[in-house]
Amino acid sequence: MVKAIESLRAANREEEQLLGQIDPQRLPRHVAVIMDGNGRWAQRRHLPRIAGHRAGVKAAREIIETSARMKISALTLYAFSVENWRRPKTEVDFLMRLLREYLRKELPVIHRNNIRLLVIGRPEQLPEAVNRDIEHAMRTTAGNTGMKLVVALNYGARAELVDAFNRILEHIRHNGLSHAHVDEQTISDHLYTAGLPDPDLLIRTSGEMRISNFLLWQIAYAEIYVTETLWPDFHRARFFEALIDFQKRDRRFGGLSAAAQSGEEASPEAVGASAHGRARH
Ligand code: FPP
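Residues in the sequence shown are numbered from 38 upward in steps of one, following my numbering.
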């Protein structure tokens, strides 16, 4: 029987039953989430899109708290992409206001829970007030040693790679390194996510089978979990289902499973053990 995850109390029978299936020793180190479906959630209820975003913040709060209690090292949430500027100005303005409201209300809770807030993207292009609040939140939580809550804001993976390459070039020029050599580590070290483990699990809600310019480099070996559930309905039990699904995967990183290597039939135990043993992190 798997030991219950400390400091996490199931709120009902369903959560209890799901939680019992999760092995706390084999949780992903880094979970990244494409939170999709706020608009459709609102539309189905004949509500304005912004009501969907408000409900989306509630869902985000629940997943952040749950991940922190489960001692997941990093949780990255795709909150605003470089493409999202194409939305109507009223919606963009609302999203910015919502973000400020979230930071104002939740910062004390985040800080109290030893969570460190980080932002990835090009925040300098966000409204000044948003940027100020982000800076303040990052500074306040800079010394926290618990979960890293990474919010992707004005984020695009291609833009991230462009920024990384330009920073590498700048370094080469500045130091007159005519024989410089770039390897995978050099690129990783110049991404916005430098220092974070790559995501082990990428969750996308609302059923779309797309990556949408999110963490293209970092998800090279991530397990992808797509659910039809719309983001505002992605409660704790749905998150547990994603983790259970993740723990059933046989992560091979291009190699063979232990069972295949030894020429034996893979028993569920052997597959579970190999998935864990091979994790790079
Ligand atoms: C997708 O729904 C969601 C977004 C555009 C991002 C906004 C996310 C939130 C408000 C959640 C809160 C996050 C934090 C970090 C507090 P959509 O509008 O694309 O939905 P649709 O595809 O159904 O139209």
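Ideal Cβ placement from N, Cα and C applies to all residues, glycine included.
Pairwise C-alpha distance: residue j and residue i
{"i": "E172", "j": "F283", "result": "34 Å"}
{"i": "D287", "j": "A295", "result": "10 Å"}
{"i": "V219", "j": "K285", "result": "36 Å"}
{"i": "F277", "j": "L206", "result": "43 Å"}
{"i": "R210", "j": "H227", "result": "15 Å"}
{"i": "L274", "j": "I59", "result": "Looking at the sequence shown, residue 274 is not Leu but Ala. The straight-line gap from Cα to Cα measures roughly 12 Å."}
{"i": "G314", "j": "G183", "result": "At G314, the pLDDT of 36 sits below 50, so the modelled position is not reliable; the number obtained from the coordinates is stated separately. Rounded to whole angstroms, G314 to G183 spans 24 Å at the Cα level."}
{"i": "R149", "j": "A297", "result": "47 Å"}
{"i": "T242", "j": "Q54", "result": "22 Å"}
Proximity below 8 Å, CB of residue i to CB of residue j
{"i": "T177", "j": "L144", "result": "yes"}
{"i": "I48", "j": "V119", "result": "For the sequence presented, residue 48 should be read as Ala rather than Ile. Their beta carbons are not under 8 Å apart, which means A48 does not touch V119 by this criterion."}
{"i": "Y192", "j": "G158", "result": "yes"}
{"i": "A194", "j": "L252", "result": "yes"}
{"i": "D16", "j": "Y262", "result": "Outside the shown range of the chain (38 to 318) lies residue 16, about which nothing can therefore be said."}
Residue interval of the alpha helix (DSSP H) (run including residue i)
{"i": "N151", "result": "Note, N151: premise wrong, no alpha helix (DSSP H); not H, not E."}
{"i": "T177", "result": "165 to 178"}
{"i": "E52", "result": "50 to 56"}
Cβ of residue i within 8 Å of any chain C Cβ
{"i": "T177", "result": "No chain C is present in this structure, which holds just one protein chain."}
Beta-carbon contacts of residue i that lie in its chain and below 6 Å, excluding the five residues immediately before and after
{"i": "A174", "result": "L140, L144, L154"}
{"i": "Y229", "result": "I157, E197"}
Beta strand (DSSP E) segment containing residue i, residue limits
{"i": "R241", "result": "238 to 241"}
{"i": "D206", "result": "With the sequence shown as reference, residue 206 is identified as Leu, and Asp is not the correct amino acid for it. Counting along the chain, L206 falls outside any beta strand (DSSP E), though it belongs to the alpha helix (DSSP H) covering 194 to 211."}
{"i": "E102", "result": "From DSSP, E102 is part of no beta strand (DSSP E) but of the alpha helix (DSSP H) over 86 to 106."}
{"i": "I224", "result": "Counting along the chain, I224 falls outside any beta strand (DSSP E), though it belongs to the alpha helix (DSSP H) covering 221 to 227."}
{"i": "A279", "result": "Element bounds for A279: not the beta strand (DSSP E) but the alpha helix (DSSP H), 273 to 285."}
Residues near residue i by beta carbon distance below 8 Å, same chain, minus five either side
{"i": "Y23", "result": "The shown model of the chain, from 38 to 318, leaves out residue 23, and the question about it has no answer."}
Beta-carbon proximity list for residue i, same chain, < 7 Å, skipping 5 on both sides
{"i": "I281", "result": "L55, Q58, I59"}
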